[in-house]
Amino acid sequence: MAMPAAHFSHPKHELKFREYHLSRQCALCGEKLTGSGYSCHHRLCEFDLHEECARYPETLRSFFAHPWHDLTLSSRTDGRRSTCELCREEKVPAGVFLYRCAPCGFAVHPRCSRLPQTARSEELHPDHGLSLTAMPSAGTTCAACREPCGVWVYRCGLCDVDLHIDCLHGARSSRGKNGKEWSSALGEVGVKVMESLAEVAGEDVASMLFQ
């Protein structure tokens, strides 16, 4: 729980640990803050941080996805939106803090900076481990949701299997042809079964799930 009274993201005033009974917005990640966190008690400030966000270091050195330069946790001052290079979330608001390389324009969410470089999934690919890999060529498809993959994927080179970062970690929903969503918790096998049933019935998978 202990942290310096001053935080690099808000150097003007001290931050104090507190419990939140009403939700606020974290000034670092931009997401809803409930429970415990850190707050500026200055009467003219509305500055709050998740307890976890307050622990992120200001600088990342030798980050595996961009080892050439140090990354600094900062927001944009020009009002332009950003894209996380790992999860490919686009249009991240300028006020949200990302680890950034000023010379290269590389940016990554703090949470994505902590992604494991190797992982296993008993549900999606139980046979082998997966490595977080930058794919040099486009055209790969996620084995879980059947959507195109971005640059960074969890990959099994032995089986030529690629998975979205969010699909592997259970945060992403899969989409049917009509744009409706269903849970990626179905997994690779479940999706294949539903696709087979849909083909027989002449329907889209999402339509079958949301009848």
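The opening position of the sequence shown corresponds to residue 1 in the UniProt record's numbering, with each subsequent residue numbered one higher. Backbone N, C-alpha and C define an ideal beta-carbon position, used for all residues, glycine too. Computed from a prediction, not measured in an experiment: that's the story for all the values here.
Here's a check: name, in chain order, each residue in its chain whose Cβ is nearer than 7 Å to the Cβ of residue i, leaving out the five neighbours to either side.
{"i": "Cys-149", "result": "Met-135, Thr-140, Thr-141, Cys-142, Asp-162, His-164"}
{"i": "Lys-91", "result": "Arg-81"}
{"i": "Glu-122", "result": "none"}
Locate the alpha helix (DSSP H) running through residue i, then write down its first and last residues.
{"i": "Leu-158", "result": "Segment: none, Leu-158 is in no alpha helix (DSSP H) and carries neither H nor E."}
With respect to the beta strand (DSSP E) encompassing residue i, which residues constitute its N-terminal and C-terminal limits?
{"i": "Asp-127", "result": "125-134"}
{"i": "Asp-48", "result": "48-50"}
{"i": "Glu-71", "result": "The sequence shown places Leu at residue 71, rather than the Glu named in the question. 71-74 is the extent of the beta strand (DSSP E) around Leu-71."}
{"i": "Lys-91", "result": "Run containing Lys-91: none; DSSP gives neither H nor E here."}
{"i": "Arg-120", "result": "118-121"}
{"i": "Ser-39", "result": "32-40"}
State the Cα-Cα distance for the pair residue i and residue j, rounded to the nearest angstrom.
{"i": "Cys-45", "j": "Ala-144", "result": "44 Å"}
{"i": "Cys-104", "j": "Cys-112", "result": "18 Å"}
{"i": "Arg-100", "j": "Gly-37", "result": "24 Å"}
{"i": "Tyr-154", "j": "Ala-6", "result": "38 Å"}
{"i": "Ala-102", "j": "Thr-77", "result": "12 Å"}
{"i": "Gly-187", "j": "Glu-147", "result": "Low per-residue confidence applies at Gly-187: pLDDT is 41, beneath 50, and the placement is therefore not dependable enough to give any value."}
{"i": "Ser-62", "j": "Leu-98", "result": "16 Å"}
So, helix, strand or coil for residue i, using DSSP?
{"i": "Cys-104", "result": "coil"}
{"i": "Cys-167", "result": "helix"}
{"i": "residue 215", "result": "Lying outside 1 to 211, the shown extent of the chain, residue 215 is not represented and no answer is given."}
{"i": "Lys-16", "result": "strand"}
{"i": "Pro-11", "result": "coil"}
{"i": "Arg-81", "result": "coil"}
Kindly list the residues whose CB is nearer than 6 Å to the CB of residue i, restricted to its own chain and excluding five residues on each side of it in sequence; keep chain order.
{"i": "Arg-18", "result": "Ser-39"}
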